[in-house]
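Each protein sequence line maps, in turn, to chains B and V. So the first sequence is numbered by the numbering used here: it starts at 746 and just counts up by one. So the second sequence is numbered by the numbering used here: it starts at 2 and just counts up by one. Ideal Cβ placement from N, Cα and C applies to all residues, glycine included. Note that the structure is predicted; figures quoted are calculated from it, not measured. All remarks here apply to the structure that follows.
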Amino acid sequence: MNRPSLSWKLYIVAFYLFLFTPLLVVAIFAFNASPFPSPPWRGFTLEWFTGSGAVVGKPGVLVDPIWLESIGNSFKVAIPVALLAVLLGTVNAWVLERAEFRGKTFVVMMMLWPLVIPGVVLGISILAFFSRVTNGLEDWLQTDLDSLRPGLPLVVLGQLSFILTIATLIIAARLRKFDRSLEEAAFDLGATRARVLRTVTLPFLKPALIGAGLVALLMSFENFNTTLMLVGSEAPLPIAMYGQMREGASPAINAVSLLLMLGVGGIASVFALNSKAER
Amino acid sequence: MIAKQASRLTLFLLLAPAILWLGLLIVLPHVEILVLSFSERVAPRVYAFGFGNYLEFFTEPLYWRTFARTAFMSILVTALTLVLAFPIALYIARVAQGRLKAMLLLLCLLPFWVSELVRTLGWMILLRETGMISYALRSIGLAGQPVELLYNDGAVILGLIYGGLLFMIVPLANALESLEPAVVEAGYDLGGSRWTVLRRIVIPHAMPGIVAGCIIVFMLTVGNFATPVLLGGKNGLWFTEQIYAQFITRFNWPQGAAFGMLLLLLSSAIVWLGLRLTGQSLGTTLKQA
């Protein structure tokens, strides 16, 4: 088995071509000077990124307020999701690794559960539940509570519902490797609980905290299924892209996609460097 | 006594975020759609308990056919993904060494960090009537006129397999990694052919990875929305689309909630069945992934 046959090697090569062709095609047609992202090649242009719209009919994505707004909306969701996921995930990791109590197995099972629920179902259940809660609260308080209606805050909650599981698992895996005698040594030397946490435990967890934050950021940025059900009038990037893709093709979508690939590539390489530091 | 109370308080504080999260974002919302799915509209703005939404599902052919189609195609996609991913995982785990191994795995990961929509856009540009493949076929003279490769089941299956590959390769490669080379050698020494060794030694050893990969791919496929809608167009007919239509387009929440429960039931049932048939447990399976 250690001497792979030629056909096996050819299959590997073909597989990686298959894997990268769609992405390559998306990137290439972001630079085509044609109103449609399809062949033939009509020359190289940057109009789809920075153009004013005079040449290709539509402004480039870096100056088009529609695209800029949706990128902004994605950040408005992703940053709170990442911060909350790291903060609450750390507390959850403590429950998983340090706490002993009756019914712990049940809590652990419950924490894993969001991973096996389809995203669309998570979306509709949160939509329906928060709609009932909001209606109840509005009747009771006699005010309007728009922030719990479909919109970015609800998208944050919807994405958090399953991203929190992933953040918890990443941080718990690191906490498991922690040598507790280090903490005990610090206590013996007279440090307070808060100081031990700040100077011993958290620095050890740092790579996992950064890693969990980056994963949460990426997952939030590209989440589609749950977001689709909870979104109001302000569309994050994947929703805006979906809308445009249904309406018809324009190389502007390719340009946005390329920017997204570069951004994701950047975050992924920070992540790779970070996990190297962890080892 | 005070120390005990203090540790109780600490435990409570530690558990509070988990309880709030699981209670408010998972358990109560699911109770809500379960209750909603059993409510029928008897008069404008008046709802009563009843099985009407589920009856509607069984009596309207479009609904249950879409459901059956989604289930069947997801199983097909999962099986095809397994067959396509196995040689890759085997190569990464058993043949490739050092740098090459890390490279191959990283190259697998990269496309999946990019949004599902970007990947789907790539397939649309390749497959559509004015797309790359159609253009290439015409320029080498294999086709006289533009060929439409989009908006059919083949395109949907292709897109779904593409989206599932990574989630199959990683658990498979993890499981194959731990196979002792000596065991494989022994199989050959005892006169086993390549095929016998694969069937009797390698595949049984990889079983936990196979189950984990299949479960993840099946769940992702059955719950997918964008790929069938964009690559299948009107012929996509995916069950998640029905849920969306009931909830957002037609504003019939009880019906949509019933569909949501059915989808949840389908994905849980297949996961459970897969675990039962292969004698694996959910804990070890999740660890594998």
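Exercise. Is A44/V helix, strand or coil when you go by DSSP?
Worked result: strand
Problem set entry | Amino acids of chain B, ordered along the chain, whose beta-carbon sits closer than 8 Å to that of F241/V | One detail in the question is off: residue 241/V reads as Thr in this sequence, not Phe. What T241/V touches in chain B: P863, V865, N970.
Exercise. Does DSSP put A778/B in a helix, a strand or coil?
Worked result: coil
Exercise. In chain B, which residues lie less than 7 Å from W1/V when you measure between Cβ atoms?
Worked result: Because chain V spans 2 through 290 in this model, residue 1/V falls outside it and cannot be assessed.
Problem set entry | Within-8 Å CB hit, F765/B to chain V | yes
Problem set entry | Neighbour-count burial assignment, R100/V, 16 or more Cβ in a 10 Å radius | exposed
Exercise. Should L106/V and T766/B be called a contact, given that it needs their Cβ atoms to be closer than 8 Å?
Worked result: no
Problem set entry | Under the three-state DSSP convention, the category F923/B falls into | coil
Exercise. Quick one: does T279/V have its CB under 8 Å from some CB of chain B?
Worked result: no
Problem set entry | Listed by chain order, chain B residues near Y92/V by CB distance under 8 Å | P749, W753, I757
Exercise. Hey, is R877/B's beta-carbon within less than 8 Å of any beta-carbon in chain V?
Worked result: yes
For this session: Evaluate the contact criterion for the stretch 117-126 of chain V versus the stretch 988-1001 of chain B: three or more CB pairs, one atom per stretch, below 8 Å.
Result: yes
Exercise. For A49/V, does the three-state DSSP call read helix, strand or coil?
Worked result: strand
For this session: Rank G988/B, R894/B, V941/B by C-alpha distance to the C-alpha of A930/B and give the top, closest one.
Result: V941/B
For this session: Could you name the residues of chain B that Y136/V contacts, counting a contact when the two beta carbons are closer than 8 Å?
Result: S783, P784, P785
Exercise. Can you find a C-beta in chain B that's less than 8 Å from the C-beta of P229/V?
Worked result: no
Exercise. Three or more beta-carbon pairs under 8 Å between the stretch 1004-1012 of chain B and the stretch 921-930 of chain B, yes or no?
Worked result: no
For this session: Please confirm whether A207/V and S38/V have their CB atoms less than 8 Å apart.
Result: no
Exercise. Which same chain residues, not among the five before or five after L81/V, have their C-beta less than 8 Å away from its C-beta?
Worked result: I158, I162
Exercise. By a C-beta neighbour count over all protein chains shown, 10 Å radius and 16 as the cutoff for buried, is T79/V buried or exposed?
Worked result: buried
For this session: With DSSP as the reference, label F765/B as helix, strand or coil.
Result: helix
Problem set entry | Beta-carbon separation (whole angstroms), F1025/B vs E149/V, contact threshold 8 Å | Coverage of chain B is limited to positions 746 through 1024, which leaves residue 1025/B absent and any answer about it impossible.
For this session: Could you tell me the distance, in whole angstroms, from the CA atom of K102/V to the CA atom of S752/B?
Result: 19 Å
Exercise. What does F789/B pair with, by DSSP beta-bridge criteria?
Worked result: N777/B
Exercise. For the candidate residues F52/V, L276/V, S135/V, V28/V, whose alpha-carbon lies nearest to that of W858/B?
Worked result: V28/V
Exercise. Can you list, in chain order, the residues of its chain whose CB lies under 7 Å from that of T71/V, leaving out five sequence neighbours each side?
Worked result: V223, W239, F240
Exercise. Can you list the residues of chain D that H31/V reaches, using a CB-CB cut of under 7 Å?
Worked result: Here the protein chains are B and V, and chain D is not one of them.
Problem set entry | Entirely enclosed beta strand (DSSP E) segments - the stretch 896-981 of chain B, minimum 3 residues | none
Problem set entry | Sequence-distant residues of the same chain with beta carbon closer than 6 Å to E842/B, five excluded per side | A917, L920, R921
For this session: Could you tell me the distance, in whole angstroms, from the CA atom of L829/B to the CA atom of V36/V?
Result: 30 Å
For this session: Could you tell me the boundaries of the alpha helix (DSSP H) in which W273/V lies?
Result: 254-279
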